[in-house]
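Trainee:
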Amino acid sequence: MTNNTAGHHPGNSVAEGNHEGEFGITVADLRGLMELRSGEAVTKIHDTYGDVHDICRRLKTSPVEGLSGNPADLDKRKQVFGQNFIPPKKAKTFLQLVWEALQDVTLIILEIAAIISLGLSFYRPPGGDSELCGEATAGDDDEGDTGWIEGAAILLSVICVVLVTAFNDWSKEKQFRGLQSRIEQEQKFTVIRKGQVIQIPVAEIVTGDIAQIKYGDLLPADGVLIQGNDLKIDESSLTGESDHVKKSLVKDPMLLSGTHVMEGSGRILVTAVGLNSQTGIIFTLLGAGSEEEEKKNKKGKKQGAPENRNKAKAQDGVALEIQPLKSEEGGDLEEKEKKKSNIPKKEKSVLQGKLTKLAVQIGKAGLLMSAITVIILVLFFVIDTFGVQGKPWLADCTPIYIQYFVKFFIIGVTVLVVAVPEGLPLAVTISLAYSVKKMMKDNNLVRHLDACETMGNATAICSDKTGTLTMNRMTVVQSYIGETHYRQIPGPDALLPKVMERIVNGIAVNSAYTTKILPPEKEGGLPRHVGNKTECALLGFVLDLKQDYQAIRNEIPEEKLYKVYTFNSARKSMSTVLKNADGSFRMYSKGASEIILRKCTKLLTKTGDVMVFKVRDRDEMVKKVIEPMACEGLRTICLAYRDFVKEPEWDNENEILNDLTCITVVGIEDPVRPEVPDAIIKCQRAGITVRMVTGDNINTARAIATKCGILHPGEEFLCLEGKEFNRLIRNEKGEVEQDRLDKVWPNLRVLARSSPTDKHTLVKGIIDSMIGEMRQVVAVTGDGTNDGPALKKADVGFAMGIAGTDVAKEASDIILTDDNFTSIVKAVMWGRNVYDSISKFLQFQLTVNVVAVTVAFTGACITQDSPLKAVQMLWVNLIMDTFASLALATEPPTESLLLRKPYGRNKPLISRTMMKNILGHGVYQLTIIFTLLFAGEKIFDIDSGRNAPLHSPATEHYTIVFNTFVMMQLFNEINARKIHGERNVFEAIFRNPIFCSIVVGTFLIQIVIVEFGGKPFSCSGLTLDQWLWCVFIGVGELLWGQVISSIPTSRLKFLKEAGHGTTKDDIPEGELMEDDDEIDHAEMELRRGQILWFRGLNRIQTQIKVVNAFRSSLYEGIEKPESRSSIHNFMTHPEFGMDDDEPRIPLIDETDVEINGLANCGAPSPPHSPNKNNNAVDSGISLPLTDANKLASSAPGSPLHSLETSV
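According to my numbering, the sequence shown is numbered sequentially starting from 522.
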């Protein structure tokens, strides 16, 4: 601590003026340093600073203890060196979204038409001979005054549509930002502060922090290496070079933000954060920081960059914490520029592709219909007025004729508006956004929207074993030590100290020091495992042997490890070398038992001696020990060691990892999660094949697969090891052949001892396979850095939220926050639900489209006027687009979704059953509407509304047509809830409150429109009888639905499917995923709380000691303690009547009087006396009452007062 605090005090006391001067190094120096690579950097550090420790000194930090964590110091560092986030682009404002919604062509046409109509409606032709203009102005005069209402109503409807669209876009954007910030808050990073290893959010990292890095991390800032073990970094995200770069103090100590740690571990000094880091500099070039620059220019040079950055953060709400560039983005900046600009297209999924295509087709048909409608109306009017009636075209009548043409035009545009299903994209967005939100509750954090719906089509899941199917709570349950197979953990007395020492050292030293077993959080709970779970099991084994691994780690800190060969998928082992006092070396190794045993030539006996271990002995051990353990589903790990007399060539790994002495083989149990077997049965029922891909031994894998239900006794299936798998699928040249793979994968259920490459090969092979009637859609789970390629290749990649590395999370589409297989099944349910929701909406929407367009078109052709007026059409459009998409897209999923087979990738959106429903309901609705249109006045005994002149009042006849039409849509919306021909359309309807409220709400608004809508909605009030008829015809929809579902679809050969898929658009990579590691804030808070509490207690103790010292000095003259009690009667005086049994709450920090001389004398506290509140009285010295009070109250400096105030 001393080196730390010594550095800080002068720093904190300097005036706030010039911060740069306080640190011995400037931002520019550090930035210049970080731009150098390998040799140049080493030379520069050496020439300018001496070594890394000197840079630490200049940055006022300690390479061992880290920063002090003092808030003032952290703030100052943020001011001087910047904060670790890159401000995102600003979100669009609501007004911008409104403006975008107004860009819709159909809406613009409507607005123009409505404005022309408005203008013309105020025009009165001069002179009274209006009859010359034909029937144009028939109707009452006062009706003419209200001609403007239609134009105004259309404008109002347009505004409504625009606001609703903008609001939906805005809430979608907000949800995305929320998701983004949630992803960002998840990423924590390990730093050392005050000598404590803690996890802090990435945004909190400051220049001068000492960070611990390990395999799988994604570096959040630039830094210089202080100490490293076998460190290899993937820098392809910055350089485009795919080779891993070795990092060491001698050759290349520079680590850059946005790069991945592929192997090893180490400690770095953070030298650049945020916009000053390498990633930040590139982001600035790409224009993420462009607004900053503009702001700076506007503000002039008065303010420094940090303030501007803060300002940006405040305005954006969500700061885009260091987002390393994607690895694919290679070196080319132009390419990155392009990628950057494409980001908004991210939500365009397979489904959205199908929908857009469908919407365009429908739109084209609608455009054609609306054009024909307008042409027919205009021709009919012209021929009728000027041909049949033979009227001349008078100049005075021109505005009236134009008004007619505008009316026809508006009708045409309205037909177009109704025909174009602009609600489709909205429905997808609502459905996906709703699902994503709900999936969070089901432990699925969706990073790419389309993954949600692709999951519904999944036909295969390749799952890891550890942590996904099993609980990842590993314990050693069997061991083989000194030629004895222990079925339980042996007692400490069963092993000789010599053997015990090898086991304990081999485990304590040869495992990551970040792996620990902590006491349980709750009383009686299980101990907490932090770090690698297999290593935790081994540490637990040490604790079960009643030994302490921490003591050994304290004795041999990480700095003293001579060399570490960290675990990677190629080695499948980990080794640590220690240098002994006599100059010899000892290496401890651990790894998969068959791999390590192959390299063992000796075996440690019970007595601690070494005996020869031949191949024959090894085979026997495999048969007698390892296979029985593996068949019980245990994972076997072997521990070994080797002594070197003189230093060998450490880089020659094959030589080093040989001639080992086996210490022990342990069997580690990882129980299957209790809920997994059920989940797997559900998958199999849903037509999804579950395959297990694991690095474990084949017997262990087979045992676990049988427990999970992936393998069923008596079935034809394959369980292969990685080697065997490669032999079967590769030709003589070693290339993978698809034909060979196609023979293997359909029956393959377990792939054991597999490498990440095998996983990638399998996934790619299944996806590219052409056998079977539909292409396979594959989901893959992964947690390790090397699972990245497989996760990216898969249709849906699931990364583990708890055990997953940053690299895996970044490559994934969905993150399982609980690492549980059952969450994948929930994702399948949600995915299928999204697909079904869209189909339900389509079925409803297309029925309305077909009917509305046909009615408008035929009505216009036969009666020169659309039975459904423009404003009414817009209302119908609002019901069926916006409200219906909300109602049908928010249906919650049910278990029944898992009872059918997956749709597959090219399944059309509109199945033949749906086509049957659409046409069936269309026929019913058209029949009813045409009956009402042409015979309604006779049925209801009312005036006919046909052939009404231009500004005539609304008729009951057309109101009934409109009302019946809406009622039929409402009840058909209930029919649309089922798309697979189910009979019960009301099933679970109350589980969806949104649906119910929208149906009821629409019904109520319809009543208001009909009864009070009047002129704007062209409605006239209806009687109760007429209302009941309208509702009755609407309910007929439900009965008719039952009739339709009775007709077998297979009989209707003429039905076609529609809405086939397009090719999958390349979706730009989603935003970066950050890590969510295991040590949480609560723990840090707890520590901080403890420190405060101890400090408080300390202070109280000191003060009590002071009082006691004060008291004892008063007592010195009195021998007998009894004499004290003689004063008790004195206490009955009212002034001293203090209730002493009330509990006192210590108030820390009210006064801070500590008299060191007295405090340190450590006087023993006297026996308890009830009147300790007033020592003067208690000590037997009789003071007048007033004086006693004065003493108690007026001497704030006295220790007595100090106790009074703090107790």
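The beta carbon of each residue, even a glycine, is placed where N, CA and C say it ideally should be.
Does the beta-carbon of ILE896 have 16 or more other beta-carbons within 10 angstroms, so that it is buried, or is it exposed?
Mentor: exposed
Trainee: Between LEU1160, VAL1193, VAL1552, LYS1123, which has its C-alpha nearest SER1153's C-alpha?
Mentor: According to the sequence shown, residue 1153 is Glu rather than Ser. With distances taken between Cα atoms, GLU1153 lies closest to VAL1193.
Trainee: Three or more C-beta pairs closer than 8 Å, one from the segment 1342–1354 and one from the segment 1438–1445: is that the case here?
Mentor: no
Trainee: Quick check on the DSSP output: what are the complete alpha helix (DSSP H) runs of length 4 or more inside the segment 1360–1422, in order along the chain?
Mentor: 1391–1399, 1405–1410
Trainee: Answer with buried or exposed for TRP1550, where buried requires no fewer than 16 other C-beta atoms within 10 angstroms of its C-beta.
Mentor: Buried, by the Cβ-count rule.
Trainee: Should GLU1416 be labelled buried (16 or more other beta-carbon atoms within 10 Å of its own) or exposed?
Mentor: Flag for GLU1416 reads exposed.
Trainee: How big is the Cα-Cα spacing for LYS1244 and SER1275?
Mentor: In this structure, the CA atom of LYS1244 is about 8 Å from the CA atom of SER1275.
Trainee: In terms of alpha-carbon separation, which member of ALA1113, ASN1484, SER1518, THR950 lies closest to TRP1548?
Mentor: ASN1484
Trainee: Whose CA, out of GLY1457, GLU1494, ASP625, lies closest to the CA of SER1360?
Mentor: GLU1494
Trainee: Is it true that the CB of THR950 sits closer than 8 Å to the CB of LYS693?
Mentor: yes
Trainee: Taking the beta strand (DSSP E) that GLN748 belongs to, which residues open and close that run?
Mentor: For GLN748, the enclosing beta strand (DSSP E) begins and ends at 743–755.
Trainee: Quickly, what does DSSP pair LYS1111 with across the bridge? List them, please.
Mentor: MET1095, LEU1160
Trainee: So which of PHE1461, SER1566, SER1094 has the shortest CA-CA distance to GLY1216?
Mentor: It is SER1094.
Trainee: Relative to the C-alpha of PHE1365, which residue among THR1379, GLU1294, GLY1322, ASN1438 is closest?
Mentor: ASN1438
Trainee: Under a three-way DSSP split, which group does ASN1513 fall into?
Mentor: coil
Trainee: Between ALA1226 and MET1213, what straight-line distance do the alpha-carbon atoms span, to the nearest angstrom?
Mentor: 7 Å
Trainee: Quick check on the DSSP output: the alpha helix (DSSP H) that includes GLU1044 runs from which residue to which?
Mentor: It is not in any alpha helix (DSSP H) - GLU1044 carries neither H nor E in the DSSP assignment.
Trainee: Run through DSSP, which three-state label would ASN978 get?
Mentor: helix
Trainee: Is TRP914 buried or exposed, if buried means 16 or more other CB atoms sit within 10 Å of its CB?
Mentor: exposed
Trainee: On the DSSP bridge assignment, give the partners of PRO722 in chain order.
Mentor: Looking at the DSSP assignment, PRO722 forms a beta bridge with LYS709.
Trainee: What did DSSP end up calling GLN1446 once you bin it into helix, strand or coil?
Mentor: helix
Trainee: For a test of the three-state rule: what should DSSP assign to LEU1491, helix, strand or coil?
Mentor: helix
Trainee: How would you call LYS986, buried or exposed, if buried means at least 16 neighbouring beta carbons within 10 angstroms?
Mentor: Label assigned to LYS986: buried.
Trainee: Just confirm the distance between the C-beta atoms of GLY1230 and ILE1201, as a whole number of angstroms; I'd bet it's less than 8 Å.
Mentor: 5 Å
Trainee: Pick out whichever of LYS1019, LYS1428, THR800, GLY1318 has its Cα sitting closest to the Cα of ARG968.
Mentor: It is GLY1318.
Trainee: Pull up the DSSP beta-bridge partners for GLU1004, would you.
Mentor: Its beta-bridge partners do not exist; DSSP assigns none.
Trainee: How long is the line joining the alpha carbons of THR1480 and GLY1542, rounded to whole angstroms?
Mentor: 8 Å
Trainee: Taking 8 Å as the threshold (C-beta atoms), are THR996 and ALA1058 in contact?
Mentor: yes
Trainee: Label PRO1569 either buried or exposed according to how many other C-beta atoms from any shown protein chain fall within 10 Å of its C-beta, with 16 as the threshold for buried.
Mentor: exposed
Trainee: Which value, in whole angstroms, describes the spacing of the CA atoms of ASP1069 and ASN1341?
Mentor: 32 Å
Trainee: Contact defined as beta carbons within less than 8 Å: I believe VAL1482 pairs with ILE1450. What is the distance between those atoms, to the nearest angstrom?
Mentor: 6 Å
Trainee: Confirm, please, whether the CB-CB distance from PRO774 to VAL745 is below 8 Å.
Mentor: yes
Trainee: Between the alpha carbons of LEU1559 and GLY1305, how many angstroms are there, rounded?
Mentor: 54 Å
Trainee: By Cβ distance below 7 Å, which residues in the same chain neighbour GLU1606 in space, the five residues on each side in sequence not counted?
Mentor: Bear in mind that a pLDDT of 39 at GLU1606, under 50, signals an unreliable position, so the number given afterwards is only what the model happens to contain. Closer than 7 Å at the Cβ level, and outside the excluded window around GLU1606, lies no residue.
Trainee: Roughly how many angstroms lie between the CA atoms of PHE1165 and VAL1349, to the nearest whole one?
Mentor: 55 Å
Trainee: Which stretch, first to last residue, makes up the beta strand (DSSP E) that contains LYS1732?
Mentor: Shown here, the chain extends from 522 to 1728; a query on residue 1732 therefore has no answer.
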